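First comes the structure, then the notes that go with it.
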Amino acid sequence: MALTTLDIQNQLVKYKNFKGVYAIDKLPLTLFPKPFGIVINLDPSWKSGSHWTAVFIPIYGSGIYFDSYGQQPPEMIK
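First residue of the sequence shown? That's 85 in the numbering used here, and the numbers climb one at a time after it.
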């Protein structure tokens, strides 16, 4: 059974720095106040979804990208 946007949102909403779940073409144009974390599906919003990844941006230092397949982040996320 595949995870849905709502499944992920419902599990992570309890964390104050979690700022949502997005399709790759619906990423916010402005950053949230640091620190924050988001979950990104690598499919655009008009598709059914392909693969979930996560990004955490700390107050200081570089952001952290997690992909369970071990792939580098797409250009839209870098």
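Beta carbons are placed, not taken as given, at the ideal position from N, Cα and C, and that holds for glycine. This one's a predicted model, so the numbers in the text were calculated from it and none came from an experiment.
Below 8 Å on the Cβ atoms is my contact criterion, and I expect residue 139 with residue 108 to pass it. Report the Cβ-Cβ distance as a whole number of Å. That belief does not hold up - the Cβ atoms of residue 139 and residue 108 are roughly 11 Å apart, past 8 Å.
Buried or exposed: where does residue 137 fall if 16 or more other Cβ atoms within 10 Å of its Cβ makes it buried? buried
Just to confirm, is the Cβ distance from residue 94 to residue 121 under 8 Å? no
According to DSSP, simplified to helix, strand and coil, what is residue 122? Residue 122 sits in a strand when the DSSP states are folded into three classes.
Other residues of its chain near residue 133: CB distance less than 7 Å, five sequence neighbours each side excluded: Correct list, in chain order: 125 and 127.
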